[in-house]
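Please read the structure below before turning to the comments.
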Amino acid sequence: MTGTFMDGMLNRMKISFLLLSCMFFMSCPILAAVIDSSNNETAIYPELPQRAASSIGFVPEGWKLEKELRDDLNGDGIMDLVVLLRKLQEPDLLKKTATAEFDSFDTKPRILAAALGSPAESGFTLVMQNHTLIPLHDSPVMSDPFSKLTLKRGVMKITLESWASMGSWYSSNITFTFRYRDNCFKLIGYDRYELHRGSGREVETSINFQTGRKNVSSGLADKKHRIKSSRFQRSPLSCIEKVGEGFAFEAP
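Residues 910 to 1161 (our numbering) are what the sequence shown spells out, left to right.
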C-alpha cells in the first residue's frame, strides 16, 4: 500500500476516534485542529472602492452583497449605507478532510463596510471596511459565527453565534453595539448570552461602555436569576478596528 493510502487510513481512524469520544464524553477541542492540519493559508480581502453610486458599486468581483441596510449614521439627515459582503467563489481557506460529511461547510469570508451618503446625492463615500469582527466559519462542528446585522436610529448591532453540534455543551451569542462618532464606529455596548445545554444554566452579561456599568444575570433557565450590577473604569470608546475578532474580544 502507498504512503498516501496509509496516511488517509490513519486520518480516518483519528477522526473516527475523535467523533466517538465527542459522542460519549462531549469533549473534543482538538477536532478542528486535526481536520484543518493541512491548511496554513489565510483569507485574502480586496480593498473596496472609496466611492460608489450605490451599494453594488462596493461589491468586488467574485463577491456578493449578502445584506444591505440604510439609516442616518452621522445625523445629517441623509441616508447612509451599511453592507455585508461575502466571497462568491471558492473559499480561500480550503478545508481538506478525510471524511466526506465535513467537505461541504462554508468557509467563505465576509467584509463589513459602511459608507456615508453625499449631500448632493452623488453616491456614497466609504468610511469603514472590516473583516476581523465576524470570524471565519472554520470548523465543521460549529455554527456559522454570523447571526444578525441591524441598523436602527444610527446604531449598528452585529450578533455572533457559537453553537457546537459536538464537543461542547455550551452555546452562546454576543451582540456588539456601535455608533458612528468622530469618523469611526465606536463600541458603546456589549451583550453576551451563554447557555449550558446540559444543566440549563444561563448567564447574561450586559455592558454599557458609555456609562461604565455592567450587569450580570445568572441562574437556571426555569428559575429566578441572580442579578449583579457593578461599575468599571471607563476608557475612551474603542473603534471597531480595535475590537478585533468578536469571539476573542475581552470584555471588562
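Quick reminder that beta carbons are idealized off the backbone N, C-alpha and C, glycines included.
For the alpha helix (DSSP H) holding GLU1070, just list the boundary residues, first then last.
-> The sequence position of residue 1070 within the sequence shown is 161, counting from 1. Looking at the DSSP string, GLU1070 is not in any alpha helix (DSSP H); the run it does join, the beta strand (DSSP E), is 1064–1072.
Count the CB pairs spanning the region 1062–1070 and the region 1078–1092 that are closer than 8 Å, and state whether there are at least three.
-> yes
Mark PHE1094 as exposed unless 16 or more other C-beta atoms lie within 10 angstroms of its C-beta, in which case mark it buried.
-> Counting from 1 along the sequence shown, the entry for residue 1094 is found at position 185. Flag for PHE1094 reads buried.
How many Å lie between SER947 and THR1016 at the Cα?
-> Counting from 1 along the sequence shown, the entry for residue 947 is found at position 38. Counting from 1 along the sequence shown, the entry for residue 1016 is found at position 107. With a pLDDT of 31 at SER947, under the threshold of 50, the predicted position of this residue should be treated as unreliable, and no value is reported.
Can you give the beta carbon distance from ILE1083 to LEU1146, rounded, assuming they're within the 8 Å contact cut?
-> In the sequence shown, the residue the question calls residue 1083 occupies position 174. In the sequence shown, the residue the question calls residue 1146 occupies position 237. Wrong, their Cβ atoms sit about 18 Å apart, outside the cutoff.
Touching by the beta-carbon criterion (3+ pairs, under 8 Å), the region 954–974 and the region 987–1000 = yes
In the DSSP assignment, what are the bridge partners of THR1059?
-> Counted from its first residue, the sequence shown places residue 1059 at position 150. Paired residue(s): LYS1066.
Reference GLU1159, options GLU1070, ARG1101, ALA962, GLN1119, closest by Cα = For the purposes of this step, residue 1159 is identified with residue 250 of the sequence shown, where counting begins at 1. The option with the nearest alpha carbon to GLU1159 is ARG1101.
Mind checking who GLY1020 pairs with in its DSSP beta bridge?
-> Stepping through the sequence shown from its first residue, residue 1020 is reached at position 111. Just to set this straight, residue 1020 is Ile in the shown sequence, not Gly. ILE1020 pairs with LEU994.
Could you pull out every unbroken alpha helix (DSSP H) segment of at least 4 residues lying fully inside the region 1097–1122, listed in chain order?
-> none
Rounded C-alpha distance that separates GLN1119 from ARG1143 = Taking the first residue of the sequence shown as 1, we reach residue 1119 at position 210. Taking the first residue of the sequence shown as 1, we reach residue 1143 at position 234. The straight-line gap from Cα to Cα measures roughly 7 Å.
Out of SER1031, ASN1039, SER1048, point me to the one whose CA is closest to LEU957's CA.
-> Against the sequence shown, residue 957 aligns to sequence position 48. Of the listed residues, the one whose Cα sits closest to LEU957 is ASN1039.
Using DSSP bridges, identify the partner residues of ARG1143.
-> For this step, residue 1143 is matched to residue 234 along the sequence shown. Note: ARG1143 sits in no beta bridge, so no partner.
Just the C-alpha distance for VAL1036 and LEU1060, rounded to the nearest angstrom, thanks.
-> Counting from 1 along the sequence shown, the entry for residue 1036 is found at position 127. Counting from 1 along the sequence shown, the entry for residue 1060 is found at position 151. Taking the straight line from one Cα to the other gives about 16 Å.
Taking the beta strand (DSSP E) that LYS1133 falls in, what are its first and last residues?
-> One-based indexing of the sequence shown puts residue 1133 at position 224. Unbroken run through LYS1133: none, as it is neither H nor E.
Sort ASP985, VAL1125, ILE953, ALA1023 by Cα distance to ILE1210 and report the nearest one.
-> The structure shown does not extend to residue 1210, since the chain spans only 910 to 1161, so no value can be given for it.
Have a look at LEU978, ASP985, ARG1019, SER963 and flag the residue whose alpha-carbon is nearest the alpha-carbon of ILE953.
-> For the purposes of this step, residue 953 is taken as residue 44 along the sequence shown, with counting starting at 1. For the residues LEU978, ASP985, ARG1019, SER963, the minimum Cα distance to ILE953 belongs to ARG1019.
Grab me the residues of CYS1148's own chain with a C-beta within less than 8 Å of its C-beta, minus the 5 sequence neighbours each way, in chain order.
-> As a working note, residue 1148 is residue 239 in the sequence shown. CYS1093, PHE1094, LYS1095, LEU1096.
Whose CA, out of SER963, ALA1157, LEU1042, lies closest to the CA of PHE1033?
-> Translated into the one-based positions of the sequence shown, residue 1033 becomes position 124. Per the Cα distances, SER963.
Rounded to whole angstroms, what's the CA-CA distance from SER1081 to SER1031? Just pull it up for me.
-> For the purposes of this step, residue 1081 is taken as the residue at position 172 of the sequence shown. For the purposes of this step, residue 1031 is taken as the residue at position 122 of the sequence shown. Going by the C-alpha atoms only, they are around 42 Å apart.
Can you have a look at PRO1161 and say buried or exposed, based on whether 16 or more other CB atoms are within 10 angstroms of its CB?
-> Looking up residue 1161 in the sequence shown gives position 252. Exposed: under 16 other Cβ atoms inside 10 Å.
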